[in-house]
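Trainee: Input: one structure, supplied below.
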Amino acid sequence: MEKIISTAIVLEIDNIDTDQIIPAKFLKSTNKEGFGEWLFYNWRYDENDNPKPDFPFLQFQRDSKILIAGNNFGCGSSREHAAWAIADYGIEVVISSQFADIFKGNALNNGILPITVSESCLKALLKYFEREKTCAIEIDIEAQSMKVDAKDIYINIRFDIDPLKKKFILTGMSEIEYLVQQKEEIINFEKTHVL
0 MEKIISTAIV LEIDNIDTDQ IIPAKFLKST NKEGFGEWLF YNWRYDENDN PKPDFPFLQF
60 QRDSKILIAG NNFGCGSSRE HAAWAIADYG IEVVISSQFA DIFKGNALNN GILPITVSES
120 CLKALLKYFE REKTCAIEID IEAQSMKVDA KDIYINIRFD IDPLKKKFIL TGMSEIEYLV
180 QQKEEIINFE KTHVL
């Protein structure tokens, strides 16, 4: 996957923590699949498991691959299940002005691209996409750029990503697969670098 062109889901909420992303009662499984249905569960559903129609998440296109969220996304406890839930729901990119470090690592390790933008850029994106639910964002992973070109807004920015994490996202390769691929080099390195 080199480019992602998608509409966006907007959650204009700061400090969304991992327990809000995936409530603790759903953490019993260690299989990465099936967590998408529980994403933001306590916000999306009432105590009788009925959808809350006023929750903003439900007002956007279900096939959106991009989530625009408030500042400090993914804070709270270290919970890889949060990244699993986001990925299983089909979200490939999360845009915020700040991410918790552990969440950012978990996201990248699970094929989710966290893009950090300035506070002013985030405010513009949140405001615009709250109103224009069918407008698309273009993310070019290879070029490390994000572009919005619409009637009332133009944003074209570059974002940073670790080169190895970028390779993993572009190829779909995991860290384990990469290490297995590097087995001979690792063995040779160990032979020549004895402690």
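Residue numbers (numbering that gives the first Met the number 0): 0 to 194.
Quick reminder that beta carbons are idealized off the backbone N, C-alpha and C, glycines included.
Please report how far the alpha carbon of Leu-107 lies from the alpha carbon of Ile-160, in whole angstroms.
Mentor: Taking the first residue of the sequence shown as position 1, residue 107 is located at position 108. Taking the first residue of the sequence shown as position 1, residue 160 is located at position 161. About 9 Å.
Trainee: Straight-line CA distance for Gly-104 to Leu-125?
Mentor: The residue labelled residue 104 in the question sits at position 105 within the sequence shown. The residue labelled residue 125 in the question sits at position 126 within the sequence shown. The alpha-carbon atoms of Gly-104 and Leu-125 are separated by roughly 24 Å.
Trainee: With H, G and I counted as helix, E and B as strand and the rest as coil, what does DSSP make of Pro-22?
Mentor: Within the sequence shown, residue 22 is the residue found at index 23, counting from 1. Note: Pro-22 maps to coil in three-state DSSP.
Trainee: Could you compute how far the alpha carbon of Ala-135 sits from the alpha carbon of Ser-119?
Mentor: As a position in the sequence shown, residue 135 is number 136, starting the count at 1. As a position in the sequence shown, residue 119 is number 120, starting the count at 1. For Ala-135 and Ser-119, the distance between alpha carbons rounds to 19 Å.
Trainee: Report the option in Ile-186, Ile-138, Lys-165 whose CA atom is closest to the CA atom of Ala-7.
Mentor: Working through the sequence shown from its first residue, we reach residue 7 at position 8. Residue Ile-138 is the option with its Cα nearest to Ala-7.
Trainee: Using 8 Å as the threshold, is the C-beta distance between Gly-35 and Asp-87 below it?
Mentor: One-based indexing of the sequence shown puts residue 35 at position 36. One-based indexing of the sequence shown puts residue 87 at position 88. Contact flag set, yes.
Trainee: State buried or exposed for Ala-142, treating a residue as buried only when at least 16 other CB atoms are found within 10 Å of its CB.
Mentor: Locating residue 142 in the sequence shown gives position 143, counting from the first residue. Exposed, because fewer than 16 other Cβ atoms sit within 10 Å of the Cβ of Ala-142.
Trainee: Between Asp-13 and Asn-70, which are expected to be in contact by the criterion C-beta below 8 Å, what is the C-beta distance as a whole number of angstroms?
Mentor: Mapped onto the sequence shown, residue 13 falls at position 14. Mapped onto the sequence shown, residue 70 falls at position 71. Rounded, the Cβ-Cβ distance is 5 Å, consistent with contact.
Trainee: According to DSSP, which residues form a beta bridge with Ile-154?
Mentor: Along the sequence shown, one-based indexing puts residue 154 at 155. For Ile-154, which the question treats as bridged, DSSP gives the partners Val-147.
Trainee: In the DSSP assignment, find the beta strand (DSSP E) that holds Asp-48 and state where it starts and stops.
Mentor: Within the sequence shown, numbered from 1, the residue matching residue 48 stands at position 49. Taken as a continuous stretch (DSSP letters only), Asp-48 belongs to no beta strand (DSSP E), as it is neither H nor E.
Trainee: Between the alpha carbons of Ala-184 and Ala-149, how many angstroms are there, rounded?
Mentor: To locate residue 184, count along the sequence shown from 1; it is residue 185. To locate residue 149, count along the sequence shown from 1; it is residue 150. First, the amino acid is wrong: residue 184 is Glu here, not Ala. Cα to Cα, the separation comes out at about 48 Å.
Trainee: Cα separation between Val-193 and Ser-5?
Mentor: Taking the first residue of the sequence shown as position 1, residue 193 is located at position 194. Taking the first residue of the sequence shown as position 1, residue 5 is located at position 6. Computed Cα separation, rounded: 50 Å.
Trainee: Indicate whether Glu-91 and Lys-64 have their beta-carbon atoms separated by less than 8 Å.
Mentor: In the sequence shown, counting from the first residue as 1, residue 91 sits at position 92. In the sequence shown, counting from the first residue as 1, residue 64 sits at position 65. Yes, they are a contact pair.
Trainee: Ignore the nearest five residues each way along the sequence and tell me which others in Lys-146's own chain have a CB closer than 6 Å to its CB.
Mentor: Counting from one through the sequence shown, the residue named residue 146 turns up at place 147. Contacts found: Glu-137, Asn-155.
Trainee: Glu-36 by DSSP, collapsed to three states: which one?
Mentor: Position 37 of the sequence shown, counted from the first residue, corresponds to residue 36. Reduced to three states, the DSSP call for Glu-36 is helix.
Trainee: Around the C-beta of Ala-23, are 16 or more other C-beta atoms found within 10 angstroms, so that it is buried, or is it exposed?
Mentor: As a position in the sequence shown, residue 23 is number 24, starting the count at 1. Exposed.
Trainee: On the DSSP letters alone, give me the boundaries of the beta strand (DSSP E) that Asp-16 sits inside.
Mentor: Along the sequence shown, one-based indexing puts residue 16 at 17. Segment: none, Asp-16 is in no beta strand (DSSP E) and carries neither H nor E.
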